[in-house]
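Residue numbers (our numbering): -5 to 230.
Cβ coordinates follow ideal geometry from the N, Cα and C atoms, glycine included.
Encoded as structure tokens, the structure appears first; notes follow it.
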């Protein structure tokens, strides 16, 4: 029986790496699949991981109809056993419903990968619909870490070094407001534990606080071993 499975995790939890590994495993067993992605860090029509692995993919535009696209491929004689759908949080609710229809009516497995909540801790539309419709929702076991060393559970947006909790849901990282990183604000993303997310204390704020004579060590709530600040994300 084909199934719709949603693999969810924060940034840095290895979602894209798992997507690439799953595609490799299935192809080794002579299964044929199609890879989809959206807003990948490596650019359009790509699926890549922070480990340096990458492969070509079909870019998911807002007007892409998954049902029509897959039926057209099957009608043309292509064999399809599964779909890999990365960055699924950016898909529309209608597109997620089309993926569910592909599973139910065409018997094709769909493996979707994405982040559940945005920088405001609100569900992305695509993730919300996947949670509602998926046969299985699996939280990835690889734990991303906050700057303090605790397990990171929240995705924070950083603008010019300061954490923000208001703004558009989808904003490309590492660019200026008008696409000019030299003149516009610099947008980055960092994973935080819930405690430091609620305190609005990203790694930069912690560094500044630690250098202040007005802040006591226990106010920072730092673990004995502090890892380097989390890396930047490409989008959202």
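| Item | Value |
| --- | --- |
| Unbroken beta strand (DSSP E) run spanning residue 107, endpoints | 103 to 108 |
| Residue 64 and residue 102 closer than 8 Å at C-beta | yes |
| Own chain residues within Cβ distance below 8 Å of residue 20, not counting five before or after | 27, 75 and 76 |
| Neighbourhood of residue 131 by C-beta, 7 Å cutoff - its chain only, sequence neighbours within 5 removed | 0, 2 and 125 |
| Collapsed DSSP secondary structure at residue 87 in the structure displayed | helix |
| Residue -2, buried or exposed, once every other Cβ within 10 Å from all chains shown has been counted against 16 | buried |
| Sub-8 Å separation of residue 111 and residue 185 beta-carbons | no |
| Closest by C-alpha distance to residue 14, when choosing among 66, 81 and 4 | 81 |
| Coarse secondary structure for residue 60, derived from DSSP in three states | helix |
| Under 8 Å between C-beta atoms of residue 73 and residue 113 | no |
| Neighbour-count burial assignment, residue 37, 16 or more Cβ in a 10 Å radius | exposed |
| Close Cβ partners of residue 83 (< 6 Å) along its chain, the five nearest in sequence each way excluded | 108, 109, 118, 120 and 121 |
| Option nearest residue 87 by Cα separation, candidates 156, -5, 202 and 56 | 56 |
| Helix, strand or coil at residue 7 [DSSP, three-state] | coil |
| Nearest-angstrom Cα separation, counted from residue 181 out to residue 187 | 20 Å |
| DSSP bridge partner residues for residue 132 (one or two, in chain order) | 1 |
| With 16 other Cβ atoms within 10 Å as the buried cut-off, status of residue 135 | exposed |
| Top-ranked residue by Cα proximity to residue 39, from 127, 79 and 18 | 79 |
| Cβ neighbours of residue 11 in the same chain (closer than 8 Å, five flanking residues each side left out) | 43, 44, 45 and 47 |
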